[in-house]
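Visitor: Under the UniProt record's numbering, the first residue of the sequence shown is numbered 1, with each subsequent residue one higher. Where a beta carbon is used, it is the ideal one built from N, C-alpha and C, also for glycine. Since the structure is predicted, the reported quantities are computational estimates derived from the model, not experimental observations.
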Amino acid sequence: MGDSFLAIVGAFLILSGSVLYLIRNVMARFGVDGWAWLPEGNQFKTYEHQLAWSKVAAGIVATTGLVFLGVLLRPR
Numbered sequence: 001m002g003d004s005f006l007a008i009v010g011a012f013l014i015l016s017g018s019v020l021y022l023i024r025n026v027m028a029r030f031g032v033d034g035w036a037w038l039p040e041g042n043q044f045k046t047y048e049h050q051l052a053w054s055k056v057a058a059g060i061v062a063t064t065g066l067v068f069l070g071v072l073l074r075p076r
């Protein structure tokens, strides 16, 4: 893979992870609504649980971007 491709993909993933983190509250509210069919009292249905998972999702995407940039910057 070309260096420019890795740089573009890495930057895109870091930017995507940042945007996901910024909209984490919206994602958590949609997550609670999306799991409305679960029985009441289910831990997965709570706003706090969905907020935590939205942060994890943003972190995974941003970390993947950092890995791409790390591959780009590794010594050869």
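Cβ of residue 101 within 8 Å of Cβ of R24?
Guide: This structure leaves residue 101 out entirely; the chain is present only between 1 and 76.
Visitor: Ignoring anything shorter than 4 residues or poking outside the stretch 1-39, list the alpha helix (DSSP H) runs there in chain order.
Guide: Fully enclosed alpha helix (DSSP H) runs of 4 or longer: 3-22, 24-34.
Visitor: Would you give the residue range spanned by the alpha helix (DSSP H) that K55 belongs to?
Guide: That run of the alpha helix (DSSP H) goes 47-73.
Visitor: Between the beta-carbon of V61 and the beta-carbon of L13, is there less than 8 Å?
Guide: Closer than 8 Å, so yes.
Visitor: What separation, rounded to the nearest whole angstrom, lies between the Cα atoms of P75 and T64?
Guide: Taking the straight line from one Cα to the other gives about 19 Å.
Visitor: Please identify the residue among F68, L69, V26, L66 whose C-alpha is closest to the C-alpha of E48.
Guide: Measuring from the Cα of E48, the nearest candidate turns out to be V26.
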